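Colleague: My structure is below; once you've seen it, I'll send some questions.
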Amino acid sequence: MLIRNGRVVTASESRMADVLVCGETILEVAAGISSHADELIDASGRLVIPGGIDPHVHFELPVGEITSSDDFFTGTRAAACGGTTCVIDFPTQERGHSMLEAIDQWHRKADGKACIDYGFHMIVTDLPPERVPEMRQVVEAGVSSFKLFTAYPDRLYVDDATLMRAMRGAAELGAPVLMHAENGIAIDEIVQRARRDGHREPAWHARTRPPALEAEAVFRSIAIAEVTDATLYIVHVSSAAALEPVRWAQARGLPVYAETCPQYLMLDDSLYDQPGFEGAKWVMTPALRKPSDQAALWAGIVDDAVQVIGTDHCPFWMKDKERGRDDFTCIPNGAPGIENRMALLYSEGVAAGRISEQRFVEITSTNAARLFGLFPRKGTIAPGTDADIVIFDSGREETISVDNPRTHHMQVDYNAYEGRRVRGFPEIVIARGRIVARDGEFTGIQGTGNFLKRN
Ligand code: URP
Ligand code: ZN
Ligand code: ZN
């Protein structure tokens, strides 16, 4: 395949060049390549960028009796249509069970279904000292990062002793630790009080999870990472308050990184004030914040306090959200977003003049590859790397909608960005040399995504 006349944009350069792909791999990137090719793509007037990497997705995530509504096929299909060619999901250790069991379980979910490449981060829920050696086996299985929660006391929460053990174990293996940082114990106290006071509406999800309790958990995680020498990646940073300790740690030279998500940059908590049950669509954790928080997060993207944009894609059917119609604590947490990340970030980032095209590539692809052991195989356009490429039309406009077949393939009956106009759209999406989407239409094949054993 020869991609001609496009402007190749990577995290480090932007230049007119052709890209020659042989099989699944990029063979050459140079101006005026004259080789014969079976398939010619004219990328005149288009950007040629590395496929997006979304390092934070939840397909078929079990939450009580239900699961998130996208599985590894529908979720990766939506990702592909939106310009993402690689995702990382989260096997979840059941308390008292081996982490390796969870990895097997997640392989069974993904095998034969995913249509783009995927990796796993290991969610640790239970790590008595005798289980710490298992962490090495997890890394040897290609799952080279661990995730811990200080939220969700009844499900995923781990105490500080477990944080210490897990971070030390990860540090010894050179594996980064991802943190969902919110003080779940204190939040539960606020939630119970709100319920006693008779508050049941979706808006109370946000009112009971203040940014200060996100900031506190971020700071605590940083302290424990510092004393255990762990590399820390705070997932879905949502507030100005939570970014402050990240900046403080970075200024002291600690290996602390931050991810935020399009929803925290582009949506705010006024969405919860809509009448009826509408606000349930955005019941996610952390909750949506204020416009001032959005501004702080954009500033972090600009000055590199924030390195990665993931989505925390975790959709639920409205019929499942309905379980919490009479009690906000019963609304399953999470929202869809995987398909719209690239267009949203280009539109609000590059087209709106906040960031450069190279920074766009860095935060949507390259940095995730670097941090999670995939670089340079993924995350850039260079000879020898996987041919994960997006021909991106920076001028094309679309209106995101559950009813727009070019912007919504996610298996869920609403879109969190309904009606939002974006400028910039992935026109052709190539995953390991195969065209998997064209003009927002899926052209890939179920089961062709590979599990990525990460370094
Ligand atoms: O509300 C959310 N974010 N659900 C997914 C699980 C998590 O906390 O990341
Ligand atoms: Zn989370
Ligand atoms: Zn998540």
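Taken in order, the sequence shown gives residues 2 to 456; the numbers are from the working numbering. Ideal placement from N, C-alpha and C gives every residue a C-beta, glycine not left out. Since the structure is predicted, the reported quantities are computational estimates derived from the model, not experimental observations.
(1) Which of the three DSSP states, helix, strand or coil, is assigned to D55?
(2) In whole angstroms, what is the alpha-carbon distance linking Q295 and M267?
(3) Pull up the CB-CB distance for H237 and E260, whole angstroms please, since I reckon it's below 8 Å.
(4) Please classify C331: does DSSP put it in a helix, a strand, or coil?
(5) Name the DSSP bridge partner or partners of F393?
(6) Just verifying my parser: in three-state terms, what is the DSSP assignment at M168?
(7) Determine whether the beta carbon atoms of S402 and N416 lie at a separation below 8 Å.
(8) Flag E260 as yes if its beta-carbon sits less than 8 Å from any beta-carbon of chain B, otherwise no.
(9) For A226, tell me which candidate among S239, S240, P256, A213 has the shortest Cα-Cα distance.
(10) Quick one: any contact between the segment 53–60 and the segment 3–16, if contact means 3 or more CB pairs under 8 Å?
(11) Quick check: the segment 29–42 against the segment 66–78, are at least 3 beta-carbon pairs closer than 8 Å?
(12) So, at 7 Å on beta carbons, what are the nonlocal neighbours of R326 in its own chain, with the 5 sequence-adjacent residues on each side left out?
(13) Using only alpha-carbon positions, find the residue among E215, H409, A204 that is nearest to I186.
(14) Express the C-alpha separation of V139 and F361 in angstroms, rounding to a whole number.
(15) Would you call the CB atoms of H122 and F150 closer than 8 Å?
(16) Excluding the five sequence neighbours on either side, which residues of its own chain have a C-beta within less than 7 Å of the C-beta of R422, listed in chain order?
(17) Which residues count as close to ligand 1 when the rule is a CB under 6 Å from any of its heavy atoms, in chain order?
(18) Answer yes if the segment 281–301 comes into contact with the segment 237–249, meaning at least three C-beta pairs across the two stretches below 8 Å, and no otherwise.
(19) Got a sec, what are the start and stop residues for the alpha helix (DSSP H) R16 sits in?
(20) Look at P263 and T312 and say whether their C-beta atoms are less than 8 Å apart.
(21) Should I522 be labelled buried (16 or more other beta-carbon atoms within 10 Å of its own) or exposed?
(22) For R424, which residues from the same chain have a beta carbon less than 8 Å from its beta carbon, with the 5 sequence-adjacent residues on both sides left out?
(23) With distance defined between alpha-carbon atoms, name the residue in G65, L298, D39 nearest to R156.
(24) Given this structure, state the Cα-to-Cα distance separating A224 from P154, to the nearest angstrom.
(25) With a threshold of 16 other CB atoms inside 10 Å of the CB of A252, please say whether the residue is buried or exposed.
(26) According to DSSP, is R253 helix, strand or coil?
(27) Is H122 a contact residue of ligand 3, with contact defined as CB to any heavy atom under 7 Å?
Modeller: Quick look at the numbers:
(1) The answer is strand: DSSP assigns D55 an E or B state.
(2) 7 Å
(3) Indeed they touch by this definition, with Cβ atoms about 6 Å apart.
(4) helix
(5) Answer is L48, P427.
(6) The three-state reading of DSSP puts M168 in helix, counting H, G and I together.
(7) In this structure, N416 lies closer than 8 Å to S402 by Cβ.
(8) This model lacks chain B altogether; it includes just one protein chain.
(9) Selection S239, S240, P256, A213 evaluated against A226 yields P256 as nearest (Cα-Cα).
(10) no
(11) no
(12) F278
(13) E215
(14) 32 Å
(15) Contact: no.
(16) Correct list, in chain order: E398, T400.
(17) H59, H181, M285, T286, D313, C315, N334, G335
(18) yes
(19) No alpha helix (DSSP H) contains R16, which is instead part of the beta strand (DSSP E) from 15–23.
(20) yes
(21) Here the chain comprises residues numbered 2 to 456, so residue 522 is not present and cannot be evaluated.
(22) Once the five neighbours on either side are set aside, the close Cβ partners of R424 are Y347, S348, A352, S395, G396, R397, E398.
(23) G65
(24) One C-alpha to the other measures close to 21 Å.
(25) exposed
(26) coil
(27) no
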